[in-house]
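Peer 1: Right, I'll just put the structure down here and ask away after.
Number of protein chains: 2
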Amino acid sequence: MESVSDMRERGETGHEQAGTTAGTAPAAGAAAKHAGGRRPGETRTREAILGAARVCFAERGFDGTSLRRIAETAGVDQALVHHFYGTKESLFLQALELPGRIQEAITAAARGERAGVGERMVRAHLSVWDDVSSRPALMTMVRSAAIHRAAAARLRETATGVLARALGGVITGEDAMLRTSMVATQLVGLAMMRYVAVLEPLSSADTDTVVRYYGRALQAVVDD
Amino acid sequence: MESVSDMRERGETGHEQAGTTAGTAPAAGAAAKHAGGRRPGETRTREAILGAARVCFAERGFDGTSLRRIAETAGVDQALVHHFYGTKESLFLQALELPGRIQEAITAAARGERAGVGERMVRAHLSVWDDVSSRPALMTMVRSAAIHRAAAARLRETATGVLARALGGVITGEDAMLRTSMVATQLVGLAMMRYVAVLEPLSSADTDTVVRYYGRALQAVVDD
DNA sequence: CAGTGAGTTCATCACGTGATGAGTTTTCGG
DNA sequence: CCGAAAACTCATCACGTGATGAACTCACTG
Numbered sequence: 001m002e003s004v005s006d007m008r009e010r011g012e013t014g015h016e017q018a019g020t021t022a023g024t025a026p027a028a029g030a031a032a033k034h035a036g037g038r039r040p041g042e043t044r045t046r047e048a049i050l051g052a053a054r055v056c057f058a059e060r061g062f063d064g065t066s067l068r069r070i071a072e073t074a075g076v077d078q079a080l081v082h083h084f085y086g087t088k089e090s091l092f093l094q095a096l097e098l099p100g101r102i103q104e105a106i107t108a109a110a111r112g113e114r115a116g117v118g119e120r121m122v123r124a125h126l127s128v129w130d131d132v133s134s135r136p137a138l139m140t141m142v143r144s145a146a147i148h149r150a151a152a153a154r155l156r157e158t159a160t161g162v163l164a165r166a167l168g169g170v171i172t173g174e175d176a177m178l179r180t181s182m183v184a185t186q187l188v189g190l191a192m193m194r195y196v197a198v199l200e201p202l203s204s205a206d207t208d209t210v211v212r213y214y215g216r217a218l219q220a221v222v223d224d
Numbered sequence: 001m002e003s004v005s006d007m008r009e010r011g012e013t014g015h016e017q018a019g020t021t022a023g024t025a026p027a028a029g030a031a032a033k034h035a036g037g038r039r040p041g042e043t044r045t046r047e048a049i050l051g052a053a054r055v056c057f058a059e060r061g062f063d064g065t066s067l068r069r070i071a072e073t074a075g076v077d078q079a080l081v082h083h084f085y086g087t088k089e090s091l092f093l094q095a096l097e098l099p100g101r102i103q104e105a106i107t108a109a110a111r112g113e114r115a116g117v118g119e120r121m122v123r124a125h126l127s128v129w130d131d132v133s134s135r136p137a138l139m140t141m142v143r144s145a146a147i148h149r150a151a152a153a154r155l156r157e158t159a160t161g162v163l164a165r166a167l168g169g170v171i172t173g174e175d176a177m178l179r180t181s182m183v184a185t186q187l188v189g190l191a192m193m194r195y196v197a198v199l200e201p202l203s204s205a206d207t208d209t210v211v212r213y214y215g216r217a218l219q220a221v222v223d224d
């Protein structure tokens, strides 16, 4: 139903262990289905779990996501999640980590003439959200910020940290900090309605149109 | 910890009904603790439960709120929640119902000259959110919209319904609908950051200042 | 004053949750 | 080539959840 949910649609019904009377080792007839123990070759399970966690948390939020679901999405046993990440909370915190390129994009957009900064910021914001690799982490943050304390804290840090630094020289005059936080507010609102709540016609509007109108709104707070 | 949580801090350990040794009733020695059965006098339990539900959902969201917690907040048995409202989901839907005065406030603000409509809308929005009687319902909607489908749907309806109707004659020209949805976006963003994520200095800024700057941003989308 | 129905509590169920520990197989440093 | 550490599975636990049904008491109609 959703968009980012590809990862989970693997058939792989259930670990058909086919116990078959075994001796000590699984002398089962069929393909040697590794029962327990380490897998041969290189391992990329840790990242797989984190990726699955990002996807799941992005879709359903913290409370709505069970460790079993994450494990299933990653194709591993649930205990492995604990093995690598300890508690659900600490896994969540790591899933919340934002890719560095988001900061770069925003920072780059803030540079240059003040005149077009509103439009440039909106464009940068949309480009990051439209990128499937950075979306789950952003989605997780915004979706959970409404409920989860740590996620809200992250959102605040990102807003005041990244944005304040980027717009430091751009927004000047009275109440500069307040106006900076309002820019963050507008961007979060945009993400919330366009990507999370899926409000039409905003969700389907093409990038350029959104940039034109919403950029104007940001510019109104930046200027003075 | 939070602000709206007054309702729950009642000591009222146990419903000491003080039945005074009654005749037919359990002639137990101690204070006649109303075990089961209807309470004498008028009953306002139904509304108490709904109010408690609004407060709890507003604080913790749908998943984070248990029926037991709601029942405890309302000071009643958990089974009563089911008795009156059926499932948790249906109780949630009723808790989502917005007071009519919100629509009125927004609609009233949209009337009048186009010039100051941005500021008037922001002021109306803030006044509704700062009113403790309407806050839990709004909080519930915004907090849960990130996760819960029905809440998101409500948010969309409210945005396109109330706002589109109110701003129908005000926003004209190209992409009127899109720009209307952007006004909604800005207002939701404001609520999200000022009241939910509690971003400073936005959260502590006084109403007039917020109205001045943010009103300008709304106006930028309204005009043309 | 009988009796139906609504308000209220208690005890309980089946289930999904996060977490843990024991046991198995591989990798890898010495 | 040995042994410790890492990767991995399985079985289980204790717990909180939403939901249900039986029992009891009051209000209200006739």
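Chains as they are written, first to last, in full-length UniProt numbering: chain A, 1 to 224; chain B, 1 to 224. Beta carbons: idealized from backbone N, C-alpha and C, even for Gly. A quick note: this is a predicted structure, and the numbers were derived from the prediction, not measured.
Along the alpha helix (DSSP H) that carries B:G100, what are the first and last residues, could you check?
Peer 2: Position 100 of the second sequence, counted from the first residue, corresponds to residue 100 of chain B. Start and end: 100-110.
Peer 1: Mind checking A:S133: buried by the 16 CB within 10 Å criterion, or exposed?
Peer 2: In the first sequence, the residue the question calls residue 133 of chain A occupies position 133. So A:S133 counts as exposed.
Peer 1: Taking only three categories from DSSP, how would you classify B:A220?
Peer 2: Your numbering for residue 220 of chain B matches position 220 in the second sequence. Looking at B:A220 - three-state DSSP - the assignment turns out to be helix.
Peer 1: Step through the CB atoms of chain A and report whether any lies within less than 8 angstroms of the CB of B:S66.
Peer 2: As a working mapping, residue 66 of chain B is identified with position 66 in the second sequence. Chain A contact via Cβ: absent.
Peer 1: At least one CB of chain A closer than 8 angstroms to the CB of B:M141: is that the case?
Peer 2: Within the second sequence, the letter at position 141 stands for residue 141 of chain B. It does not: the Cβ of B:M141 has no partner Cβ on chain A nearer than 8 angstroms.
Peer 1: Look at the Cβ atom of A:A71, then the Cβ atom of A:V81, and state whether they are nearer than 8 angstroms.
Peer 2: Taking the first sequence and counting its residues from 1, the one referred to as residue 71 of chain A is at position 71. Taking the first sequence and counting its residues from 1, the one referred to as residue 81 of chain A is at position 81. Closer than 8 angstroms, so yes.
Peer 1: Does the region 150-167 of chain A touch the region 189-208 of chain B, meaning 3 or more C-beta pairs lie closer than 8 angstroms?
Peer 2: Contact between the region 189-208 of chain B and the region 150-167 of chain A is present, because at least three Cβ pairs lie under 8 angstroms.
Peer 1: Using a Cβ-Cβ cutoff of 8 angstroms, what residues of the region 147-165 of chain A are near chain B? List them in chain order.
Peer 2: Under the 8 angstroms Cβ criterion, the region 147-165 of chain A contributes I147, A152, L155, R156, A159, T160.
Peer 1: Taking only beta-carbon atoms, is B:P201 less than 8 angstroms away from chain A?
Peer 2: Taking the first residue of the second sequence as position 1, residue 201 of chain B is located at position 201. Yes, its Cβ sits closer than 8 angstroms to a Cβ of chain A.
Peer 1: Assess, as a yes-or-no matter, whether the region 88-95 of chain B is touched by the region 169-182 of chain B under the definition of 3 or more beta carbon pairs within less than 8 angstroms.
Peer 2: As far as the Cβ criterion goes, the region 169-182 of chain B does not touch the region 88-95 of chain B, which means the pair count is below three.
Peer 1: So with Cβ pairs under 8 angstroms, would you call A:D63 a contact of chain B?
Peer 2: Walking along the first sequence from the start, residue 63 of chain A turns up at place 63. By this cut-off, A:D63 is an interface position.
Peer 1: I'd like to know whether the C-beta of A:L190 is nearer than 8 angstroms to at least one C-beta of chain B.
Peer 2: Here the question's residue 190 of chain A lines up with position 190 in the first sequence. Yes, A:L190 lies at the interface with chain B (some Cβ there is under 8 angstroms from its Cβ).
Peer 1: In whole angstroms, give me the CA-to-CA distance for A:I147 and B:V142.
Peer 2: Your numbering for residue 147 of chain A matches position 147 in the first sequence. Your numbering for residue 142 of chain B matches position 142 in the second sequence. Cα-Cα distance, rounded: 10 angstroms.
Peer 1: Assign B:V210 to buried or exposed, taking buried as 16 or more other Cβ atoms, counted over all protein chains shown, within 10 Å of its Cβ.
Peer 2: Start at 1 with the first residue of the second sequence, and residue 210 of chain B comes out as number 210. By the 10 Å Cβ count, B:V210 comes out buried.
Peer 1: What residues of chain A sit near B:Y195, judged by a beta carbon separation below 9 angstroms?
Peer 2: Numbered from its first residue, the second sequence carries residue 195 of chain B at position 195. Chain A residues near B:Y195: none, gap ~11 angstroms exceeds 9 angstroms.
Peer 1: Would you tell me roughly how many angstroms separate the C-alpha atoms of A:M182 and B:W129, rounded to the nearest one?
Peer 2: Locating residue 182 of chain A in the first sequence gives position 182, counting from the first residue. Locating residue 129 of chain B in the second sequence gives position 129, counting from the first residue. Whole-angstrom Cα-Cα distance: 17 angstroms.
Peer 1: Along chain A, in chain order, which residues have C-beta atoms closer than 8 angstroms to that of B:Y213?
Peer 2: Numbered from 1 along the second sequence, position 213 holds the residue referred to as residue 213 of chain B. Going along chain A in sequence order, the residues near B:Y213 (Cβ under 8 angstroms) are D175, L178, R179, M182, V221.
Peer 1: In terms of alpha-carbon separation, which member of B:A151, B:Y195, B:V122, B:L187 lies closest to A:R156?
Peer 2: Counted from its first residue, the first sequence places residue 156 of chain A at position 156. The candidate whose alpha carbon is nearest that of A:R156 is B:Y195.
Peer 1: Quick check: A:A166 and A:T107, are their CB atoms within less than 8 angstroms of each other?
Peer 2: Working through the first sequence from its first residue, we reach residue 166 of chain A at position 166. Working through the first sequence from its first residue, we reach residue 107 of chain A at position 107. A contact, by the Cβ cut-off of 8 angstroms.
Peer 1: Helix, strand or coil for A:V132, going by three-state DSSP, please let me know.
Peer 2: Numbered from 1 along the first sequence, position 132 holds the residue referred to as residue 132 of chain A. Here A:V132 sits in coil by DSSP.
Peer 1: Going by the CB atoms, is the gap between B:M121 and residue 225 of chain B shorter than 8 angstroms?
Peer 2: No statement about residue 225 of chain B is possible, as the shown extent of chain B runs from 1 to 224 and does not include it.
Peer 1: Give me, in chain order, the residues of the same chain whose beta-carbon lies closer than 7 angstroms to that of residue 245 of chain B; leave out the 5 immediate sequence neighbours on both sides.
Peer 2: Coverage of chain B is limited to positions 1 through 224, which leaves residue 245 of chain B absent and any answer about it impossible.
Peer 1: What residue does the alpha helix (DSSP H) around A:T172 start on, and which one ends it?
Peer 2: Along the first sequence, one-based indexing puts residue 172 of chain A at 172. Segment: none, A:T172 is in no alpha helix (DSSP H) and carries neither H nor E.
Peer 1: For A:R216, would you say it is in contact with chain B, using Cβ-to-Cβ distances shorter than 8 angstroms as the test?
Peer 2: For the purposes of this step, residue 216 of chain A is identified with residue 216 of the first sequence, where counting begins at 1. True, the Cβ-Cβ gap to chain B drops below 8 angstroms.
Peer 1: Measuring alpha carbon to alpha carbon, tell me which residue in B:M193, B:D63, B:G64, B:A124 is nearest B:E104.
Peer 2: Within the second sequence, the letter at position 104 stands for residue 104 of chain B. If we check each option's Cα against that of B:E104, B:A124 comes out closest.
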